[in-house]
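K.L.:
Residue numbering for the sequence shown follows the numbering used here, starting at 9 and increasing by one per position.
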Amino acid sequence: MFERHKGGDSAVLVCLDFGEPDYRDGVDEFVQLVESAGVTPLNIIEGKRARPDPAYFSGSGKAQEIAEAVRAYEAPLVIFNHQLSPAQERNLERIMQCRVIDRTTLILDIFAQRARTAEGKLQVELAQLAHIQTRLIRGWTHLERQKGGIGLRGPGETQLETDRRLIGIRVKRLKEQLATVQKQRTTQRRARMRRGQFTVSIVGYTNAGKSTLFNALTKSRIYAADQLFATLDTTSRKLFLDPEHSVVLSDTVGFIRSLPHTLVAAFRATLEETIEADLLLHVVDVNHPLRDAQVDAVNGVLQEIGAEQIPQLMVWNKIDLKGGEPAVLLDEYGKIQAVRLSAMHGNGLDLLRSALVDLMSQPSEEN
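What follows is the structure in structure tokens.
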């Protein structure tokens, strides 16, 4: 029988290089993720492999090296910057004698910490249960044993079967509650469409400055911080661009590379604000060394949720960090392609408002 360890708030981190060109930057982002979860990194174990080991992911030799680091630092937790199978987690925990989690579990934990609204909490719980369900398949041996439970199961039902059944019941209930929220959002969107209200959704890689831009434009006070996934819950406000033009502006959850599919599925109701938008403001940290890869990651999620056809206006943010000047960038046909600005200091916000007015006016000019 094998019981899982509880874990803690400090960890040994594991990052393996499988030949990715942006491996080093991925390690830096992983450390940010860990710190965003409130976990203190004790040590980073790195290595190179051609492919994951089926039993230990890292290979038995590297697993022993990690176990030695766990003992040396008295670490209660090991976090892999990769997706582990249930069997790999089980095998690693037997060697490490501490809790072992993967990147997906880490991101789910951050989302659980940051969810503020009732809808956000429902979405996170649904994603967590979807992930746990995969862990109950060939997962932990202690769940396979027969166990008494008054009123919970019939004769011969194992603890594993009970866990699956109870999780299934809870998942069904959560989906019903989220369906109700989805209907409410649909009703609100239809009302805006009847009024002819132009809608704009802010999208972007996590920590690109989306919430800071939203606050600067709408004079709101939604939480914004220099950390990954600072905000999760979608917020919408009416934004007056000039005396004749206004839009409904929505701030959405940030994206990241290898965003767990369970999260994308659970947040679909929220992300439908993006799917139904007339225009996407794609906010990018102009100074980030991997900005092009981050843009591709965001566009990948947009394609996954069916929003790849919605027009985008690129917003090159954080120009103040390197002394850049606000500007509107045009393509070869003279159409607005991007706006350079600093959401933190407000430089270039007037250019963005003017660009939005111009883009709103284009359809009526063509018809």
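C-beta atoms are modelled at their ideal positions from N, C-alpha and C, and glycine is treated no differently.
Computed from a predicted model, the values in this text were never measured in an experiment.
1. DSSP state of Thr-214, grouped into three classes?
2. Keeping to the same chain, check which residues put their C-beta closer than 7 Å to that of Gly-162; ignore five residues upstream and five downstream.
3. With DSSP collapsed to three states, give me the class of Ala-335.
4. Quick one: what does DSSP say Pro-251 is sitting in, helix, strand or coil?
5. Just to confirm, does Asn-325 get its C-beta within under 7 Å of one of the non-hydrogen atoms of the ligand SAH?
6. Quick one: any contact between the region 297 to 316 and the region 258 to 275, if contact means 3 or more CB pairs under 8 Å?
7. To which residues does DSSP link Gly-314 through a beta bridge?
8. Roughly how many whole angstroms lie between the Cα atoms of Ala-80 and Ala-19?
9. For Ile-210 and Ser-66, I'd like the C-alpha separation in whole angstroms.
10. Do you know how far the Cα of Leu-357 is from the Cα of Ile-103?
11. Identify whether Asp-293 lies in helix, strand or coil by the three-state DSSP scheme.
12. When the Cα atoms are used, what is the spatial distance from Arg-361 to Ala-71?
13. What residue range does the beta strand (DSSP E) around Ser-18 cover?
14. Looking only at its own chain, which residues have a Cβ that is under 8 Å from the Cβ of Ala-363, when we skip the five neighbours before and after it?
15. Could you pull out every residue in the same chain whose Cβ sits closer than 6 Å to the Cβ of Glu-271, ignoring the five residues on either side in sequence?
16. So is Ser-68 buried or exposed if we call it buried at 16+ other beta carbons inside 10 Å?
17. Indicate whether Val-303 and Val-292 have their beta-carbon atoms separated by less than 8 Å.
18. Measuring CB to CB, does Val-208 end up less than 8 Å from Leu-287?
19. Using 10 angstroms around the beta-carbon of Phe-26, count the other beta-carbons present and answer buried if the total reaches 16, otherwise exposed.
20. Cutting at 8 Å between CB atoms, please list the residues of its own chain near Gly-15, excluding the five before and the five after it.
21. Using the C-alpha atoms, what's the distance from Val-22 back to Pro-49?
22. Checking 8 Å against the spacing of the C-beta atoms, do Ser-228 and Arg-245 come in under that value?
23. I need the DSSP call for Ala-123, collapsed to helix, strand or coil.
24. Taking Asn-99 as part of the beta strand (DSSP E), name the residues at either end of that continuous run.
25. Which residue from Gln-141, Gln-205, Phe-206 and Ala-187 puts its Cα closest to that of Gly-176?
26. Provide the residue(s) that pair with Phe-263 in DSSP beta bridges, ordered along the chain.
27. Measure the C-alpha to C-alpha separation of Pro-319 and Phe-222 and round it to an integer number of angstroms.
28. Quick check on Leu-249: buried or exposed, where buried means 16 or more other Cβ atoms within 10 Å of its Cβ?
29. Which of the three DSSP states is assigned to Gln-205 in this structure?
30. Using 8 Å for Cβ pairs, my map puts Asp-17 next to Val-47. What's the rounded Cβ distance?
31. Is the beta carbon of Gly-217 sitting closer than 8 Å to the one on Lys-326?
32. Using only alpha-carbon positions, find the residue among Ile-115, Leu-92, Ile-118 and Arg-32 that is nearest to Arg-59.
33. Since Phe-30 and Ala-301 should fall inside the 8 Å C-beta cutoff, what is the C-beta to C-beta distance between them, to a whole number of angstroms?
34. What does a CB cutoff of less than 6 Å around Lys-129 pick up in its chain, not counting 5 residues either side in sequence?
35. Tell me the DSSP bridge mates of Ala-187?
36. Would you tell me roughly how many angstroms separate the C-alpha atoms of Leu-114 and Gln-96, rounded to the nearest one?
P.N.:
The relevant details are as follows:
1. Reading the sequence shown from its first residue, position 206 is the one you call residue 214. Here Thr-214 sits in coil by DSSP.
2. Start at 1 with the first residue of the sequence shown, and residue 162 comes out as number 154. Note on Gly-162: pLDDT 44, under 50, position unreliable in the model; the coordinate value appears next. For Gly-162, where only same-chain residues beyond five positions count, there are no Cβ hits under 7 Å.
3. Looking up residue 335 in the sequence shown gives position 327. Ala-335: strand per DSSP, three-state reduction.
4. Position 243 of the sequence shown, counted from the first residue, corresponds to residue 251. The DSSP-derived three-state label of Pro-251 is coil.
5. Among the ligands in the structure shown, none appear at all, so the ligand SAH cannot be discussed.
6. Here the region 297 to 316 makes contact with the region 258 to 275; the two share three or more CB pairs at distances below 8 Å.
7. The count along the sequence shown starts at 1 and reaches residue 314 at position 306. Beta-bridge annotation (DSSP): Gly-314 is not paired with any residue.
8. As a working note, residue 80 is residue 72 in the sequence shown. As a working note, residue 19 is residue 11 in the sequence shown. In a straight line, the C-alpha of Ala-80 is about 12 Å away from that of Ala-19.
9. Looking up residue 210 in the sequence shown gives position 202. Looking up residue 66 in the sequence shown gives position 58. Taking the straight line from one Cα to the other gives about 38 Å.
10. Position 95 of the sequence shown, counted from the start, is the residue given in the question as residue 103. Position 349 of the sequence shown, counted from the start, is the residue given in the question as residue 357. Going from the Cα of Ile-103 to the Cα of Leu-357 covers about 55 Å.
11. Residue numbering aside, residue 293 sits at position 285 when the sequence shown is read from its first letter. Correct three-state label for Asp-293: strand.
12. The sequence position of residue 361 within the sequence shown is 353, counting from 1. The sequence position of residue 71 within the sequence shown is 63, counting from 1. Rounded to whole angstroms, Arg-361 to Ala-71 spans 54 Å at the Cα level.
13. In the sequence shown, the residue the question calls residue 18 occupies position 10. Start and end: 18 to 25.
14. Mapped onto the sequence shown, residue 363 falls at position 355. Annotation for Ala-363: Leu-321, Val-336, Ile-344 and Val-347 place their beta carbon closer than 8 Å to its own, counting only its chain and skipping 5 residues before and after.
15. By 1-based counting over the sequence shown, the position of residue 271 is 263. Residue 271 is actually Leu in this sequence, not Glu. So the qualifying residues of the chain are Ala-135.
16. Reading the sequence shown from its first residue, position 60 is the one you call residue 68. With fewer than 16 other Cβ atoms inside 10 Å of its own Cβ, Ser-68 counts as exposed.
17. Here the question's residue 303 lines up with position 295 in the sequence shown. Here the question's residue 292 lines up with position 284 in the sequence shown. A Cβ-Cβ contact shorter than 8 Å links Val-303 with Val-292.
18. Counted from its first residue, the sequence shown places residue 208 at position 200. Counted from its first residue, the sequence shown places residue 287 at position 279. In this structure, the beta-carbon distance from Val-208 to Leu-287 falls below 8 Å.
19. Working through the sequence shown from its first residue, we reach residue 26 at position 18. Of the residues assessed, Phe-26 falls on the exposed side of the cut-off, its CB having fewer than 16 other CB atoms within 10 angstroms.
20. Position 7 of the sequence shown, counted from the start, is the residue given in the question as residue 15. Residues Pro-84, Leu-85, Cys-106, Arg-107 and Ile-109 of the same chain have their beta carbon placed closer than 8 Å to that of Gly-15, with the five preceding and five following residues left out of the count.
21. Counting from 1 along the sequence shown, the entry for residue 49 is found at position 41. Counting from 1 along the sequence shown, the entry for residue 22 is found at position 14. If you draw a straight line from the Cα of Pro-49 to the Cα of Val-22, it is about 10 Å long.
22. Along the sequence shown, one-based indexing puts residue 228 at 220. Along the sequence shown, one-based indexing puts residue 245 at 237. Yes, they are a contact pair.
23. Mapped onto the sequence shown, residue 123 falls at position 115. Ala-123: coil per DSSP, three-state reduction.
24. On the sequence shown, position 91 is the one that residue 99 refers to. Asn-99: not part of any beta strand (DSSP E); member of the alpha helix (DSSP H) spanning 94 to 104, first to last residue.
25. In the sequence shown, the residue the question calls residue 176 occupies position 168. Residue Gln-141 is the option with its Cα nearest to Gly-176.
26. Within the sequence shown, the letter at position 255 stands for residue 263. Phe-263 pairs with Tyr-213.
27. For the purposes of this step, residue 319 is taken as the residue at position 311 of the sequence shown. For the purposes of this step, residue 222 is taken as the residue at position 214 of the sequence shown. Cα to Cα, Pro-319 sits roughly 19 Å from Phe-222.
28. For the purposes of this step, residue 249 is identified with residue 241 of the sequence shown, where counting begins at 1. Note on Leu-249: 16 or more other CB atoms within 10 angstroms of its CB, so buried under the neighbour-count rule.
29. If you number the sequence shown from 1, residue 205 lands on position 197. DSSP, read as helix, strand or coil, puts Gln-205 in coil.
30. Position 9 of the sequence shown, counted from the first residue, corresponds to residue 17. Position 39 of the sequence shown, counted from the first residue, corresponds to residue 47. With a Cβ gap of about 6 Å, Asp-17 and Val-47 count as contacting.
31. Numbered from 1 along the sequence shown, position 209 holds the residue referred to as residue 217. Numbered from 1 along the sequence shown, position 318 holds the residue referred to as residue 326. In contact: Gly-217 and Lys-326 (Cβ atoms closer than 8 Å).
32. The residue labelled residue 59 in the question sits at position 51 within the sequence shown. The candidate whose alpha carbon is nearest that of Arg-59 is Leu-92.
33. Taking the first residue of the sequence shown as position 1, residue 30 is located at position 22. Taking the first residue of the sequence shown as position 1, residue 301 is located at position 293. For clarity, residue 30 is Asp in the given sequence; the question names Phe instead. Going by Cβ atoms, the distance from Asp-30 to Ala-301 rounds to 6 Å, so yes, they are a contact pair.
34. Walking along the sequence shown from the start, residue 129 turns up at place 121. Annotation for Lys-129: Ala-123 place their beta carbon closer than 6 Å to its own, counting only its chain and skipping 5 residues before and after.
35. Translated into positions along the sequence shown, residue 187 becomes position 179. Ala-187 is bridged by DSSP to nothing; it lacks a bridge partner.
36. As a working mapping, residue 114 is identified with position 106 in the sequence shown. As a working mapping, residue 96 is identified with position 88 in the sequence shown. Put simply, the backbone Cα of Leu-114 is about 16 Å away from that of Gln-96.
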